[in-house]
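As C-alpha coordinates, the structure follows; a few thoughts come after it.
Quick look at the structure:
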(Lines of atoms letter the chains of each structure in order from A; the text may use other names.)
(Lines give C-alpha, C1' and ligand atoms only; values in the text may rest on other atoms or scores of the structure.)
Protein backbone atom coordinates (compact mmCIF):
# COMPACT_ATOMS: atom_id res chain seq x y z
CA UNK A 61 0.00 0.00 0.00
CA UNK A 62 1.28 3.44 -0.93
CA UNK A 63 0.60 6.10 1.71
CA UNK A 64 1.43 9.70 0.86
CA UNK A 65 1.56 12.51 3.41
CA UNK A 66 1.03 15.80 1.59
CA UNK A 67 4.08 17.99 2.15
CA UNK A 68 3.14 21.64 1.73
CA UNK A 69 5.10 23.32 4.49
CA UNK A 70 2.41 23.16 7.18
CA UNK A 71 2.29 20.00 9.15
CA UNK A 72 3.15 17.88 12.11
CA UNK A 73 4.72 15.44 9.70
CA UNK A 74 7.33 13.53 11.74
CA UNK A 75 4.94 12.35 14.44
CA UNK A 76 2.46 11.18 11.77
CA UNK A 77 5.23 9.24 9.98
CA UNK A 78 6.31 7.60 13.24
CA UNK A 79 2.71 6.64 14.10
CA UNK A 80 2.28 5.05 10.65
CA UNK A 81 5.54 3.12 11.12
CA UNK A 82 4.35 1.87 14.54
CA UNK A 83 1.25 0.53 12.74
CA UNK A 84 3.53 -1.44 10.40
CA UNK A 85 3.28 0.77 7.30
CA UNK A 86 5.60 3.16 5.48
CA UNK A 87 4.61 6.60 4.25
CA UNK A 88 6.28 9.01 1.86
CA UNK A 89 6.21 12.80 1.98
CA UNK A 90 5.32 14.41 -1.31
CA UNK A 91 3.94 17.51 -2.99
CA UNK A 92 4.15 15.84 -6.42
CA UNK A 93 0.61 15.69 -7.92
CA UNK A 94 1.29 12.44 -9.83
CA UNK A 95 2.64 10.72 -6.71
CA UNK A 96 -0.32 11.95 -4.64
CA UNK A 97 -2.82 10.77 -7.30
CA UNK A 98 -1.14 7.34 -7.41
CA UNK A 99 -1.34 6.80 -3.63
CA UNK A 100 -3.74 4.30 -2.06
CA UNK A 101 -4.22 6.59 0.94
CA UNK A 102 -3.49 10.31 1.36
CA UNK A 103 -2.92 12.12 4.66
CA UNK A 104 -3.35 15.90 4.68
CA UNK A 105 -1.76 17.21 7.89
CA UNK A 106 -1.70 20.73 9.20
CA UNK A 107 -0.33 22.76 12.04
CA UNK A 108 -0.19 26.53 11.69
CA UNK A 109 -2.20 29.40 10.30
CA UNK A 110 -4.97 28.83 7.74
CA UNK A 111 -4.27 31.66 5.24
CA UNK A 112 -0.54 30.87 5.10
CA UNK A 113 -1.24 27.14 4.66
CA UNK A 114 -3.73 27.85 1.85
CA UNK A 115 -1.17 30.13 0.14
CA UNK A 116 1.32 27.22 0.22
CA UNK A 117 -1.29 24.86 -1.27
CA UNK A 118 -2.09 27.35 -4.05
CA UNK A 119 1.57 27.87 -4.93
CA UNK A 120 1.98 24.14 -5.54
CA UNK A 121 -1.42 23.68 -7.26
CA UNK A 122 -2.49 21.27 -4.52
CA UNK A 123 -5.57 23.39 -3.75
CA UNK A 124 -7.00 22.28 -7.12
CA UNK A 125 -5.79 18.67 -6.82
CA UNK A 126 -6.97 17.67 -3.32
CA UNK A 127 -10.76 18.02 -3.93
CA UNK A 128 -10.46 15.80 -7.05
CA UNK A 129 -8.81 12.85 -5.26
CA UNK A 130 -10.83 9.63 -5.31
CA UNK A 131 -8.90 7.50 -2.79
CA UNK A 132 -9.40 7.89 0.99
CA UNK A 133 -8.02 11.26 2.16
CA UNK A 134 -7.52 12.07 5.87
CA UNK A 135 -7.20 15.70 6.97
CA UNK A 136 -5.75 16.27 10.44
CA UNK A 137 -6.31 19.45 12.50
CA UNK A 138 -5.65 22.41 10.16
CA UNK A 139 -5.81 19.90 7.27
CA UNK A 140 -9.43 19.16 8.19
CA UNK A 141 -10.22 22.88 8.59
CA UNK A 142 -8.78 23.68 5.14
CA UNK A 143 -11.11 21.04 3.66
CA UNK A 144 -14.10 23.15 4.84
CA UNK A 145 -15.70 26.01 2.88
CA UNK A 146 -13.85 28.76 4.74
CA UNK A 147 -12.11 29.72 7.98
CA UNK A 148 -12.35 32.91 9.99
CA UNK A 149 -8.60 32.51 10.57
CA UNK A 150 -7.08 34.96 8.10
CA UNK A 151 -10.47 35.16 6.32
CA UNK A 152 -9.45 32.09 4.31
CA UNK A 153 -11.40 30.43 1.51
CA UNK A 154 -11.11 26.66 1.97
CA UNK A 155 -11.21 23.69 -0.41
CA UNK A 156 -15.00 23.36 -0.10
CA UNK A 157 -15.05 19.60 0.49
CA UNK A 158 -16.94 19.77 3.80
CA UNK A 159 -19.95 22.11 3.70
CA UNK A 160 -19.22 24.05 6.88
CA UNK A 161 -17.40 27.27 7.80
CA UNK A 162 -14.69 27.21 10.49
CA UNK A 163 -15.13 29.83 13.22
CA UNK A 164 -13.19 30.99 16.29
CA UNK A 165 -14.02 30.07 19.88
CA UNK A 166 -15.35 33.03 21.85
CA UNK A 167 -13.39 34.92 24.48
CA UNK A 168 -15.47 33.14 27.17
CA UNK A 169 -13.06 30.18 27.07
CA UNK A 170 -9.28 29.80 27.12
CA UNK A 171 -7.99 29.80 23.53
CA UNK A 172 -6.45 27.71 22.16
CA UNK A 173 -8.18 24.64 23.51
CA UNK A 174 -5.09 22.62 24.33
CA UNK A 175 -4.90 19.16 25.79
CA UNK A 176 -7.18 16.15 26.14
CA UNK A 177 -10.91 16.17 25.52
CA UNK A 178 -13.41 13.44 24.77
CA UNK A 179 -15.10 12.52 21.49
CA UNK A 180 -18.64 11.16 21.32
CA UNK A 181 -21.54 10.49 18.89
CA UNK A 182 -19.10 8.42 16.81
CA UNK A 183 -20.64 7.63 13.40
CA UNK A 184 -18.08 6.19 10.99
CA UNK A 185 -15.92 3.19 10.11
CA UNK A 186 -13.08 5.51 11.15
CA UNK A 187 -14.15 4.80 14.75
CA UNK A 188 -14.57 1.03 14.43
CA UNK A 189 -13.70 -0.50 17.82
CA UNK A 190 -13.42 2.94 19.49
CA UNK A 191 -15.53 3.52 22.61
CA UNK A 192 -17.72 6.59 23.09
CA UNK A 193 -16.07 9.33 25.19
CA UNK A 194 -12.45 8.30 24.48
CA UNK A 195 -9.99 11.13 25.04
CA UNK A 196 -8.08 12.68 22.13
CA UNK A 197 -5.37 15.35 22.02
CA UNK A 198 -6.41 18.75 20.61
CA UNK A 199 -4.71 22.10 20.02
CA UNK A 200 -6.88 24.66 18.21
CA UNK A 201 -8.47 28.09 18.41
CA UNK A 202 -10.95 27.59 15.55
CA UNK A 203 -13.56 24.86 15.10
CA UNK A 204 -16.05 23.43 12.63
CA UNK A 205 -19.64 23.74 13.94
CA UNK A 206 -21.88 20.67 13.95
CA UNK A 207 -23.18 19.91 10.45
CA UNK A 208 -24.54 17.09 8.28
CA UNK A 209 -21.00 15.73 7.81
CA UNK A 210 -20.15 15.54 11.55
CA UNK A 211 -19.04 12.03 12.57
CA UNK A 212 -17.68 12.85 16.06
CA UNK A 213 -18.46 15.60 18.53
CA UNK A 214 -16.43 17.31 21.26
CA UNK A 215 -17.60 19.90 23.75
CA UNK A 216 -15.61 23.03 24.56
CA UNK A 217 -17.84 26.03 25.24
CA UNK A 218 -20.31 24.30 22.90
CA UNK A 219 -20.61 21.04 20.98
CA UNK A 220 -18.58 21.13 17.75
CA UNK A 221 -17.35 18.75 15.04
CA UNK A 222 -14.23 16.90 16.13
CA UNK A 223 -14.43 14.74 12.97
CA UNK A 224 -16.04 15.09 9.54
CA UNK A 225 -16.68 12.67 6.67
CA UNK A 226 -17.95 13.12 3.12
CA UNK A 227 -17.53 10.42 0.46
CA UNK A 228 -13.81 9.47 0.47
CA UNK A 229 -12.79 12.46 2.61
CA UNK A 230 -12.27 12.24 6.37
CA UNK A 231 -11.02 14.81 8.84
CA UNK A 232 -10.29 15.01 12.54
CA UNK A 233 -9.77 18.15 14.59
CA UNK A 234 -7.83 16.06 17.10
CA UNK A 235 -4.36 14.65 16.47
CA UNK A 236 -4.62 10.84 16.23
CA UNK A 237 -0.82 10.62 16.03
CA UNK A 238 -0.55 12.29 19.47
CA UNK A 239 -3.51 10.55 21.10
CA UNK A 240 -1.84 7.31 22.20
CA UNK A 241 -3.04 3.83 21.32
CA UNK A 242 -6.65 4.87 20.64
CA UNK A 243 -5.54 7.62 18.25
CA UNK A 244 -3.25 5.20 16.44
CA UNK A 245 -6.16 2.75 16.17
CA UNK A 246 -8.19 5.48 14.40
CA UNK A 247 -5.24 6.09 12.06
CA UNK A 248 -5.04 2.33 11.50
CA UNK A 249 -8.78 2.20 10.73
CA UNK A 250 -8.27 4.90 8.09
CA UNK A 251 -5.44 2.90 6.49
CA UNK A 252 -7.77 -0.12 6.25
CA UNK A 253 -10.62 1.77 4.55
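Residue numbers (the numbering used here): 61 to 253.
Where is the CB? At the ideal position from N, CA and C, for every residue including glycine.
- Cβ atoms of residue 158 and residue 144 come within 8 Å of each other, at about 5 Å.
- In the DSSP assignment, residue 249 falls within the alpha helix (DSSP H) that extends over 240-252.
- Under the 10 Å beta carbon count, residue 132 is surrounded by 16 or more other beta carbons and is classified as buried.
- Sequence-distant partners of residue 185 (beyond 5 residues in either direction) whose C-beta falls short of 8 Å from its own C-beta, in its chain, are 249 and 253.
- For residue 201, the number of other beta carbons within 10 angstroms of its own is below 16, and it is reported as exposed.
- CA-CA distance, residue 188 to residue 246, rounds to 8 Å.
- The criterion of a C-beta distance shorter than 8 Å is satisfied by residue 147 and residue 110.
- In the structure shown, the three-state DSSP call for residue 130 is coil.
- Taking 8 Å as the cut-off, the beta carbon of residue 87 is found closer than this to the beta carbon of residue 64.
- In the same chain as residue 183, and ignoring 5 residues on each side of it, the C-beta atoms closer than 6 Å to its own belong to 211, in chain order.
- DSSP links residue 215 through a beta bridge to 219.
- By a beta-carbon distance limit of 8 Å, residue 125 does not contact residue 105. Their separation comes to about 16 Å.
- Annotated three-state conformation of residue 73 is helix, per DSSP.
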